[in-house]
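Under numbering that gives the first Met the number 0, think of the first position of the sequence shown as 0, with each following residue one higher. Report on one structure; see the data block that follows.
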Amino acid sequence: MKFYGYFRSSAAFRVRIAMNLKGIAPELAFVHLRRQEQVAPAYTRVNPQQLVPALVLDDGTALAQSLAILEYLEETHPEPPILPRDPVGRARVRSLAMIPACEIHPIQNLRVLGYLGTACGQDEAGKQAWARHWIDVGFTAYEASVAGHPQTGRFSHGDAPTIADMCLVPQVFNARRFGNDLTRYPTLMRIFEACMAVPAFDQAQPAKQPDAEA
0 MKFYGYFRSS AAFRVRIAMN LKGIAPELAF VHLRRQEQVA PAYTRVNPQQ LVPALVLDDG
60 TALAQSLAIL EYLEETHPEP PILPRDPVGR ARVRSLAMIP ACEIHPIQNL RVLGYLGTAC
120 GQDEAGKQAW ARHWIDVGFT AYEASVAGHP QTGRFSHGDA PTIADMCLVP QVFNARRFGN
180 DLTRYPTLMR IFEACMAVPA FDQAQPAKQP DAEA
């Protein structure tokens, strides 16, 4: 397999964690988002959505969208599992994962912030305030969903990492870059620290990628 990513991409970060946990070591390719390499014709042929990550299988099939790739990895490499076995648990994990992956990240990612500047006249302070606001909205919901819940354990669901944690952790890295006050989310941050103590999470962080920049 060949994995296309960018060190600072939250979506690619999610998939790196899962591949680390499952012992999958694909060939790596790097798509520099700030240099607009994602819109180049060669990469557009791989992923017409012009986003990272993309995972190209051995037969040439290209998969896009991090949540779809995570589900594919779970179905084809089921050990260790990253979704619970029971249907209700699986639904809860997917619901939690969608808070950062679908409610926060899409409206504070690089291309959205760029559009706020070029089309809406927002300066850097305005873009940063926008990002912090939507992170806080999502993190407030995540905290309320895990704090005191009987199925919350060491991690977001139980005592083993799931897709929910793989979506949460990259968003915490983003929140730190944008300057959010994370003391407001004690359960969320307890889970984050538990995740980062797991080598698969630690080795997937942006600063430890071959294409990392200061």
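Backbone N, C-alpha and C define an ideal beta-carbon position, used for all residues, glycine too.
- Counting along the chain, Val55 sits inside the beta strand (DSSP E) bounded by residues Ala53 to Val55.
- For Pro83, the closest of Met188, His104, Asp210 and Gln150 by C-alpha to C-alpha distance is Gln150.
- Separation of Glu73 and Ala41 (C-alpha to C-alpha, rounded to the nearest whole angstrom) is 29 Å.
- Judged by DSSP secondary structure, Gly116 falls outside any beta strand (DSSP E) and instead within the alpha helix (DSSP H) spanning Leu109 to Thr117.
- For Ser155, the closest C-alpha among the options Gly4, Leu66, Gly116 and Ala96 is that of Ala96.
- Distance between Thr186 and Glu192, taken at the CA atoms: about 10 Å.
- Counting the other Cβ atoms within 10 Å of the Cβ of Asp158 gives fewer than 16, which makes it exposed.
- By the neighbour-count criterion, in which a residue is buried when 16 or more other Cβ atoms sit within 10 angstroms of its Cβ, Ala203 is buried.
- By the beta-carbon neighbour count (other beta carbons within 10 angstroms, threshold 16), Gln37 is buried.
- For Tyr3, the uninterrupted beta strand (DSSP E) segment begins and ends at Lys1 to Gly4.
- Here Val45 has Tyr3, Ala53, Val55 and Ala61 as same chain residues with Cβ atoms under 8 Å from its own Cβ, once five neighbours each way along the sequence are excluded.
- Distance from the CA atom of Ile103 to the CA atom of Ala140, rounded to whole angstroms, is 11 Å.
- Relative to the Cα of Ala11, the nearest Cα in the group Pro198, Leu167, Ala146 and Phe177 belongs to Leu167.
- Taken in chain order, the unbroken stretches of beta strand (DSSP E) that lie wholly in the region 24 to 88 and span 3 residues or more are 26 to 29, 53 to 55 and 61 to 63.
- Judged by DSSP secondary structure, Asn173 falls within the alpha helix (DSSP H) whose first and last residues are Ile162 to Phe177.
- The three-state secondary structure of Gly157, taken from DSSP, is strand.
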